[in-house]
Amino acid sequence: MKIAIMGAMPEEVAPILEKLGEYKTTEYANNKFYEATYKGVDLVIAYSKIGKVFSTLTASTMIQHFGADRLLFSGVAGAISSSLKVGDLIVATKLAQHDLDITAFGHPFGYVPEGSVYVEADAKMIEMSKEVAKEMDKSVQEGIIATGDQFVANEEKKNWIADTFKADALEMEGASVAVVCNALNIPFFVLRAISDAADMDASFSFDEFLEKSAVESAEFVMKMVDKIVG
Ligand code: SAH
């Protein structure tokens, strides 16, 4: 077994590297990949840089070059659902690309031929996350995550994404990672801690809460890893 743990930004993987203490660093494809053994299991960890293209490259590299056979994403997101507050955790049930648009040809938003609007995350790891939440005495919501190459800081855009994709949170990497894992048959899990509400104040909220929310997410993901290897 080799587990990939990825984030988009340094802040999202720093708490994981800190917990591991020792790891080997390999440079590949203009990025750094950190390998470690944790409780007898091989891990590969990386942050991709922000957005769908970099996250696609990194997820694909972790699987095809480093041999990861499952992938867990840890990071922060903007909340859509009013029940999600800063610091709260959301587990993605399925993910969609909100900025994928060939609707001019009569297709739905988020769809291209031979693709699908939504990609579903691994049901077993979602189940497992319920047990982890219970053990940690944390409330974790499940929901739909919408991904696009935009930092959303606009009520109107956020409402459009909510209506079009029934999404509960939005970010910039989840759905692209989902497409990669789905195509390569790799079970995946996307967890996000809320950093902002994707509204007018989003950039200020993001700057204030990024670090703390990233730690919340990373702690939970490491408990998931404990459960997987346990
Ligand atoms: N402050 C950073 C940019 C952050 S972009 C810089 O200047 O370098 C936002 C990152 O957090 C992305 O990785 C995305 O996945 C997530 N995210 C959090 N809130 C978001 C929001 N409101 N809209 C889109 N992505 C969001």
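Okay, so the sequence shown: first residue is 1 according to my numbering, each after it adds one. For glycine and all other residues, C-beta sits at the position ideal for the given N, C-alpha and C. Note that this is a predicted model, so its numbers are computed, not measured.
Length of the line joining the Cα atoms of residue i and residue j
i    : j    : result
E135 : F220 : 11 Å
G21  : I161 : 40 Å
Y124 : F189 : Note on identity: in this sequence residue 124 is Lys, with Tyr being the wrong assignment. Between K124 and F189, the C-alpha separation is close to 9 Å.
G67  : K32  : 15 Å
V53  : A29  : 13 Å
S74  : I194 : 11 Å
I63  : E35  : 13 Å
M200 : L170 : 15 Å
G115 : L100 : 11 Å
K138 : D88  : 9 Å
K19  : S81  : 31 Å
K223 : E131 : 10 Å
R70  : N182 : 11 Å
G106 : H98  : 16 Å
I228 : K39  : 11 Å
H65  : A59  : 10 Å
Y47  : E12  : 7 Å
Extent of the continuous alpha helix (DSSP H) to which residue i belongs
i    : result
I231 : Lying outside 1 to 230, the shown extent of the chain, residue 231 is not represented and no answer is given.
Cβ-heavy atom distance, residue i to ligand 3, below 8 Å
i   : result
I50 : With respect to ligand 3, the structure shown offers nothing to examine, as its ligands consist of ligand 1.
Integer-rounded CB distance, given that residue j should sit under 8 Å from residue i
i    : j    : result
V215 : L72  : Incorrect: roughly 16 Å between the Cβ atoms, too far for contact.
M9   : I45  : Not quite, the Cβ-Cβ distance comes to about 13 Å (not below 8 Å), so this is no contact.
A104 : V117 : About 16 Å; that fails the 8 Å criterion.
G78  : A218 : With a Cβ gap of about 18 Å, G78 and A218 do not count as contacting.
M6   : V41  : With 8 Å as the limit, M6 and V41 do not qualify as a contact, their Cβ atoms being about 16 Å apart.
T56  : V152 : At roughly 20 Å, the Cβ-Cβ gap does not stay under 8 Å, so T56 and V152 are not in contact.
Host beta strand (DSSP E) of residue i (start-end)
i    : result
S48  : Run containing S48: none; DSSP gives neither H nor E here.
F33  : 31-38
A214 : From DSSP, A214 is part of no beta strand (DSSP E) but of the alpha helix (DSSP H) over 202-229.
M6   : 2-7
Y28  : 24-28
- Are there three or more Cβ pairs, one per stretch, closer than 8 Å when the region 199-216 is compared with the region 164-172? The region 199-216 is not in contact with the region 164-172.
- Query: Mind pulling the beta strand (DSSP E) runs of 3 or more residues that sit fully within the region 143-199?
  - Reply: 169-171, 188-196
- Considering only residues of the region 80-136, which uninterrupted beta strand (DSSP E) runs meet the minimum length of 3 residues and lie entirely inside it, listed in chain order? 89-97, 118-120
- Query: So, do the region 171-185 and the region 141-152 have three or more beta carbon pairs nearer to each other than 8 Å?
  - Reply: yes
- Message: Under 8 Å, with one C-beta from each stretch per pair, do the region 80-95 and the region 104-124 reach the 3-pair mark?
- Response: yes
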